[in-house]
Amino acid sequence: MTTIALIGAGRGLGAAVARRFGREGFNLALISRSQERVDAFAEELNAEGFTAKGFQANVRDTRSLTEALDKAVQELDPSRS
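According to our numbering, the sequence shown is numbered sequentially starting from 198.
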């Protein structure tokens, strides 16, 4: 499966984009500042039949974002790590 990272994942447009890519067969790496909120959103998507996992990162902090993306690859697309 191919994985897509959605930065700023959340309600509204982010939720619609996540569901759209999920319907296309993508694994969903959800990136947000709030681990609690992104985990709740990932659980919601998983209950709908998608493969989603939340990762916490501050997009203004390059190191934080890089670490979150590396974790996403390891956990959702291990063939690429």
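Glycine included, C-beta positions come from ideal geometry on N, C-alpha and C.
Ala212 and Ala249 have their C-alpha atoms spaced approximately 12 angstroms apart.
Residue environment analysis places Ala237 among the exposed positions, since fewer than 16 neighbouring C-beta atoms fall within 10 angstroms of its C-beta. Taking a C-beta distance under 7 angstroms as the contact criterion, Gly251 and Val235 qualify as a contact pair.
Only exposed fits Ser276, as fewer than 16 other CB atoms lie within 10 angstroms of its CB. With a beta-carbon spacing of about 7 angstroms, Asp274 and Asn224 fall inside the 8 angstroms limit used to define contacts.
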